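Visitor: Per the numbering used here, residue 3 is the first one in the sequence shown, and the count goes up by one each step.
For each residue, glycine too, the CB sits at the ideal point set by N, CA and C.
All values derive from a computational prediction rather than experimental measurement.
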Amino acid sequence: MHYLIRSTVPNSQRTGSAFCRPVLVLLAIFFCASSPPAFGQVELEDRNGDGEVRILAFGDSITFGIGDGFDPSQYVERPEIIPGVFGYPGRVETFLSVLVDNRGVPGETVVSEGVVRFQSELVQNQSDYVLIMEGANDAVFQESPTNVRAKLQAMVNVARALGVEPILLTLTPTCCDRPGVLPFLYAYSSQIRELGATNDVTVVDVEVAFQEACPDLDECTLLNRPEGLHPNTSGYDLIGKIVAEAILGEPLEEDSPESEMGAEMEDAQ
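1) Are there three or more Cβ pairs, one per stretch, closer than 8 Å when the stretch 87-106 is compared with the stretch 52-70?
2) Within the same chain, show all residues whose beta-carbon is closer than 6 Å to that of Ala156, passing over the 5 residues directly before and after it, in chain order.
3) Helix, strand or coil for Arg195, going by three-state DSSP, please let me know.
4) Using a threshold of 8 Å, state whether the C-beta atoms of Ile57 and Leu124 are closer than that.
5) Here's the rule: buried if 16 or more other CB atoms are within 10 angstroms of the residue's CB, otherwise exposed. What is Glu255?
6) Pick from Ser129, Val183 and Ala161: whose alpha carbon is nearest that of Val142?
7) Could you compute how far the alpha carbon of Thr111 sits from the alpha carbon of Gln121?
8) Suppose you measure from the CA of Val166 to the CA of Leu133; what does that come to, to the nearest Å?
9) Take every Cβ of the stretch 149-163, pair it with every Cβ of the stretch 210-218, and state whether three or more of those distances are shorter than 8 Å.
10) Hey, out of Val94, Ile84 and Val206, whose CA is closest to Met2's CA?
11) State yes or no: is the C-beta of Val55 within less than 8 Å of the C-beta of Val245?
12) Who pairs with Leu250 in a beta bridge, going by DSSP?
13) Just grab the DSSP bridge partners of Arg93 for me.
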């Protein structure tokens with residue numbers, strides 16, 4: 003199952019066509035028009051010409067990796083930071099052998115802090131691509147979905163102006179004792195999908211992946227319970243996997259590093 007919402011803007015309507023681009027963008031991976039897309043021929047571009055492909059993972063504590071290192075069977079009321087955990091950015095880096103800078107800040111909201119620090123992070127890290135996954139804390143404070151969208155739009159604009167290709171992720175749902183948060187998360191994810199379509203930005207639908215894996219969210223084995231907000235090791239495994247698969251344009255192989263990383267997570271506890 004793929005959770006990639008591909009952009010569909012024709013080449014004739016695109017701007018900044020310094021690079022060859024396909025009609026369907028596989029998570030900002032570009033194929034020259036003379037060569038049809040084919041699995042196994044995907045190459046990330048060094049968009050800024052510094053000799054290295056870098057992906058920046060931008061977001062809050064879920065990007066940072068809070069809750070990683072905990073097994074689904076564990077009772078977790080307040081997940082602590084476990085040294086050596088990867089979060090989803092570390093998994094993407096391992097899967098793809100591409101440098102992924104984790105710039106998640108626990109407790110950050112999009113509307114206040116995230117939009118303010120976004121530009122400086124892109125410049126300082128000389129990023130070619132940026133994964134944007136933020137909004138969980140905005141939902142806790144019940145921030146307006148239109149305001150969240152406006153700030154995300156500003157971030158997309160900044161990324162494009164700097165020549166960095168943005169990639170949007172929808173948000174993980176919550177479980178357990180957070181009934182007031184979930185409607186806002188759903189509303190934000192809906193806005194993120196619309197934002198992707200409007201701006202020709204690729205969206206990785208994390209929300210749908212979690213919903214399909216957890217039809218009953220209160221029993222979801224991808225979230226730390228009863229805390230209910232942050233993914234556990236299995237949840238971060240899933241996020242890293244679907245992001246990497248979206249970049250590759252194909253499912254990860256059975257002998258991918260995922261199983262080894264899961265063992266490392268257990269050792270870190």
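Guide: Concretely, from the data shown:
1) The stretch 87-106 vs the stretch 52-70: in contact.
2) Excluding sequence neighbours, Ala156 sits near Val117.
3) Residue state, collapsed to three classes: helix.
4) No, Cβ-Cβ distance for Ile57 and Leu124 is not below 8 Å.
5) Label assigned to Glu255: exposed.
6) Shortest Cα-Cα distance from Val142 to any of Ser129, Val183 and Ala161 involves Val183.
7) Gln121 has its alpha-carbon roughly 15 Å from the corresponding atom of Thr111.
8) In a straight line, the C-alpha of Val166 is about 10 Å away from that of Leu133.
9) When Cβ pairs closer than 8 Å are counted between the two stretches, the stretch 149-163 is seen not to touch the stretch 210-218, the count staying below three.
10) Limits of the chain in this structure are 3 at one end and 271 at the other, which puts residue 2 out of reach.
11) It is not a contact, given that the beta carbons lie outside the stated cut-off.
12) Partner(s): none; Leu250 has no beta bridge.
13) Its beta-bridge partners do not exist; DSSP assigns none.
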